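To start, the structure itself, in structure tokens.
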């Protein structure tokens with residue numbers, strides 16, 4: 001894992017002290033709310049429906065057990081004892097007191113954490129494949145580059161007042177787990193014919209009011225050119241991105257308006273100018289130091305297929321099911337990646353209590369070399385588990401309710417906080433997720449349905465990624481009542497697609513029944529081995545539309 | 553009777569507060585003064601002065617109806633704001 005150097009520490013100490021002073025001046029009346037608001041937002045502190053909310057960055061979704069323990073301490077001491085992991089791989093605390101915020105920032109800084117660049121019109125926390133560094137299908141650990149991007153973008157004066165917020169996602173793997181095509185910039189590592197690693201550069205993806213799939217403007221960019229090239233993208237956006245209309249200010253609108261080809265030409269021209277001017281030099285020593293931080297750990301040799309695990313799989317179908325659903329292939333023989341489901345049936349998706357966070361920290365220390373990942377699907381991951389330890393990890397996960405074998409299945413629902421917490425929301429998300437999870441709590445049924453992603457957003461801003469759910473639900477307010485617009489056929493991995501609206505929004509009372517009828521229709525019409533997404537693509541919305549509105 | 557109440561967030565901790573008839577702020581919506589249009593506009597002006605004095609943030613008017621125990625917000629969003637999240641806190645939920 002990356003550890004702060006002197007520069008990082010000094011920067012964060014300075015920002016923490018500045019923030020303490022800013023809060024003191026606000027409380028004393030020396031700063032008005034209008035003056036203070038941009039300052040608190042630069043540190044991730046929002047004013048939400050019921051209280052201040054602190055969004056804490058988890059860079060590229062990687063956490064140490066020490067950091068997780070500190071998050072638990074902060075949640076317990078200064079909040080109400082729980083936090084919410086988000087689709088940006090961050091964690092949000094919902095009940096923060098402004099008076100406490102400086103002490104919280106100081107407590108986080110001690111473990112190299114903060115809320116900087118989790119809000120505002122800057123380059124936000126860079127997200128990454130949650131299996132980075134351990135995925136069996138990976139070219140290189142993308143976090144090396146995510147960390148370089150973090151250092152490059154932190155407090156970068158040229159990119160601190162962009163037309164709008166800016167999100168970058170990066171993956172080093174063949175299979176896209178980081179939803180890179182729905183980010184302002186998506187980076188996917190690939191190899192050129194000579195075998196050298198570089199990046200495919202995708203720009204102009206995004207969800208929200210105008211959902212668009214990002215376009216590839218460079219098939220292969222050598223790694224050493226990454227900063228110069230991205231600087232060129234940012235400059236083109238900074239110069240041409242619209243500042244006159246909030247709804248047209250994201251880079252996706254620019255790319256859509258000028259076209260991907262022209263965008264590529266503009267960026268290339270800027271990139272050449274940057275290079276002619278000396279380029280954005282990467283200090284090789286710095287790159288080497290960062291690479292060292294992400295060097296694969298020294299795994300002890302471990303049996304590839306331990307007898308005890310095989311025996312338990314035969315003896316206990318619940319364990320076998322969990323292994324099949326919640327673990328993933330690891331690049332190191334004898335190891336597995338373990339997903340901890342933060343979707344226990346009947347709980348808000350992505351929430352964890354302080355006690356659960358500590359239990360996960362314990363598990364990471366015991367079985368995962370002290371490392372934890374946050375997935376954008378709002379689950380936690382133990383990236384370095386010996387296969388021989390799987391039975392023990394499973395039992396420990398069961399104890400805290402994080403062993404539900406539902407990763408990638410219908411109840412592994414992505415949901416934003418919605419109107420229960422969020423000042424922007426128009427409808428609630430969590431109660432719909434809970435009701436759906438309750439309806440489909442039967443595990444045999446869940447597994448018979450197969451891969452199925454439901455994403456729920458409580459407003460058009462789409463924090464719940466509803467456009468790229470196989471089934472997407474968007475909460476809307478219709479004359480003071482909650483209704484849900486349904487989209488079908490969305491997807492966020494290699495063949496990213498925006499879901500198609502199926503028809504009029506359905507009422508909150510109707511929505512769970514409507515989804516159940518839709519699922520039953522799928523099960524009835526699917527061909528052998530066909531996933532919901534495949535069926536949906538084969539037959540279109542028609543049959544599902546009929547079933548959704550059957551009783552209406 | 554339907555009318556309006558003045559609501560805001562308290563500066564120090566962000567708590568949802570409602571302006572009372574006595575001119576103070578309460579975290580209970582039932583303590584809120586239910587006002588007609590004229591009185592509401594005047595109360596909002598005074599509340600804005602409280603915002604300038606670091607007591608509250610962002611005061612505004614919300615529609616409310618008279619209930620048996622005091623005002624009840626009309627809009628769904630305001631009812632959630634007054635009452636808190638409609639989902640239990642995770643530690644308290646029995647699976």
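Chains as they are written, first to last, in the working numbering: chain H, 1 to 552; chain Z, 553 to 647.
Using N, Cα and C, we set each Cβ at its ideal position, and we do this for glycine too.
Please read all numbers here as calculations on a predicted model, not as lab measurements.
What three-state label does DSSP hand residue 68 of chain H in the structure shown? helix
Proximal residues of chain Z, C-beta to C-beta of residue 421 of chain H below 7 Å: Residues of chain Z passing the Cβ test: 637.
If residue 94 of chain H and residue 68 of chain H are in contact, beta carbons under 8 Å, what's the gap, nearest whole angstrom? Between residue 68 of chain H and residue 94 of chain H the Cβ distance is about 18 Å, and since that is not below 8 Å, they are no contact.
Can you list the residues of chain Z that residue 431 of chain H reaches, using a CB-CB cut of under 7 Å? Result: 638, 639.
Give me whichever residues DSSP pairs with residue 154 of chain H in a beta bridge. According to DSSP, which records beta bridges pairwise, residue 154 of chain H is partnered with nothing at all.
Does any residue of chain Z have a CB that is nearer than 8 Å to the CB of residue 47 of chain H? yes
Residue 117 of chain H (DSSP reduced to helix, strand or coil): Coil at residue 117 of chain H, not helix or strand.
Against chain Z, with Cβ distances strictly below 8 Å, would residue 458 of chain H count as a contact? No, no contact with chain Z.
From the beta carbon of residue 597 of chain Z, is the nearest beta carbon of chain H less than 8 Å away? No, because no Cβ of chain H sits closer than 8 Å to the Cβ of residue 597 of chain Z.
Check whether the Cβ of residue 570 of chain Z lies closer than 8 Å to any Cβ atom in chain H. no
When DSSP labels each residue in this structure, what does residue 541 of chain H get in the three-state scheme? Coil, per DSSP.
With contact counted as at least three CB pairs below 8 Å, one residue from each stretch, are the region 107–116 of chain H and the region 131–140 of chain H in contact? no
Presumed contact (8 Å Cβ cut-off) between residue 373 of chain H and residue 120 of chain H, rounded CB distance: Not really, about 25 Å apart at Cβ, beyond 8 Å.
Identify every run of the beta strand (DSSP E) within the region 369–395 of chain H, keeping only runs that are complete inside it and at least 3 residues long; order them along the chain. Counting whole runs of 3 or more residues, the region 369–395 of chain H contains the beta strand (DSSP E) stretches 371–374, 380–386.
Beta carbon of residue 208 of chain H nearer than 8 Å to that of residue 184 of chain H: Contact: no.
For residue 558 of chain Z, name the three-state secondary structure that DSSP assigns. strand
Three-pair Cβ contact test at 8 Å for the region 397–409 of chain H versus the region 310–317 of chain H: No: the two stretches stay apart, fewer than three of their Cβ pairs being nearer than 8 Å.
If you compare alpha carbons, which of H/85, H/252, H/390, H/537 is closest to residue 417 of chain H? H/85
Relative to chain H, which residues along the region 609–620 of chain Z have a C-beta separation below 9 Å, given in chain order? 609, 610
Could you give the C-beta distance for residue 611 of chain Z and residue 603 of chain Z, rounded to a whole number, given that I count them as a contact under 8 Å? 6 Å
Since residue 187 of chain H is in the beta strand (DSSP E), which residue starts that stretch and which ends it? 185–191
Which of helix, strand or coil does DSSP assign to residue 216 of chain H? strand
Three-state secondary structure assigned by DSSP to residue 22 of chain H: helix
Alpha carbon of residue 450 of chain H to alpha carbon of residue 102 of chain H, nearest angstrom: 46 Å
Identify each residue in the region 21–54 of chain H for which the Cβ-Cβ distance to at least one residue of chain Z is less than 7 Å, and report them in chain order. Going along the region 21–54 of chain H in chain order, one finds 27, 29, 33, 47, 49, 50, 51, 52 with a Cβ nearer than 7 Å to chain Z.
Quick check: is the beta carbon of residue 586 of chain Z nearer than 8 Å to any beta carbon in chain H? no
Suppose only complete runs of 4+ residues qualify. What are the alpha helix (DSSP H) ranges in the region 44–109 of chain H, listed by chain order? 65–78, 101–109
To which residues of the same chain is residue 35 of chain H closer than 7 Å at the C-beta, ignoring the five residues directly before and after it? none
Identify each residue in the region 93–126 of chain H for which the Cβ-Cβ distance to at least one residue of chain Z is less than 9 Å, and report them in chain order. 94, 95, 96, 97, 98, 99, 100
Below 7 Å between beta carbons is the criterion; list the residues of the region 461–480 of chain H that meet it against any residue of chain Z, in chain order. 480
Contacts around residue 587 of chain Z, its chain only, beta-carbon distance under 6 Å, and the 5 residues preceding and following it disregarded: Cβ neighbours of residue 587 of chain Z beyond the five flanking positions: 555, 556, 595.
Measuring only the C-alpha atoms, how far is residue 409 of chain H from residue 453 of chain H? 6 Å
Residue 561 of chain H, buried or exposed, once every other Cβ within 10 Å from all chains shown has been counted against 16: In the structure as shown, chain H begins at 1 and stops at 552. Residue 561 of chain H is therefore absent and cannot be evaluated.
Length of the line joining the Cα atoms of residue 238 of chain H and residue 271 of chain H: 14 Å
Would residue 235 of chain H pass as a contact of residue 166 of chain H if the rule is Cβ separation under 8 Å? no
Any C-beta of chain H under 8 Å from that of residue 629 of chain Z: yes
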